[in-house]
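Written below as C-alpha cells is the structure these notes are about.
Numbering (our numbering), first residue to last: 24 to 150.
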C-alpha cells in the first residue's frame, strides 16, 4: 500500500502546474482602477473617499456600456452592488465633483466625466 506521507527514494514527482488565482488577478485590476481614480482626485485637489471612488467607478462603467446615469440611476447601481450609500450621499458627491470640474451635469440630468478628467485617467494629462 502506498502512503504519500512516508519518505521516498528522492524521486517524488510533483504536480506543480501554475494555476493563476483569478480572484487575485481581479483584485489587482481593481486596485489599478482605484489607483487611477485616486490619481484623478489628487489632480483635482480632492481627497480620496470610498464614496468618490465608487461614484467615479460607476460613471466609468456606465460610459463603457454607453449609458448615462443620473442621481437615481447612480444610487440604484450602487445599491445593486451592495454598496450601502444613501441617496443624499450620492447626490452630494456628484454635486461636489461637478463643482470641482471632475464631472459634468448633462442636459438630460445625467452625469458624465469631464473631458479633462477623462484625459487624466487615460494618461493624456500628467499631474
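Where a beta carbon is used, it is the ideal one built from N, C-alpha and C, also for glycine. Given the structure is predicted, the values throughout are model-derived calculations rather than measurements.
(request) Tell me whether the beta-carbon of residue 76 lies closer than 9 Å to the beta-carbon of residue 61. (result) Translated into positions along the chain shown, residue 76 becomes position 53. Translated into positions along the chain shown, residue 61 becomes position 38. Contact flag set, yes.
(message) For residue 80, count the other beta carbons within 10 Å of its own beta carbon; 16 or more makes it buried, fewer makes it exposed. Which is it?
(response) Stepping through the chain shown from its first residue, residue 80 is reached at position 57. The residue is buried, with at least 16 neighbouring Cβ atoms inside 10 Å.
(message) Using DSSP's beta-bridge definition, name the partner residues of residue 128.
(response) Within the chain shown, the letter at position 105 stands for residue 128. BP columns for residue 128 point to 134.
(request) Decide if residue 104 is buried, meaning its Cβ has at least 16 other Cβ atoms within 10 Å, or exposed. (result) As a working mapping, residue 104 is identified with position 81 in the chain shown. So residue 104 counts as exposed.
(message) Cutting at 8 Å between CB atoms, please list the residues of its own chain near residue 110, excluding the five before and the five after it.
(response) Taking the chain shown and counting its residues from 1, one reaches residue 110 at position 87. Here residue 110 has 94, 95 and 98 as same chain residues with Cβ atoms under 8 Å from its own Cβ, once five neighbours each way along the sequence are excluded.
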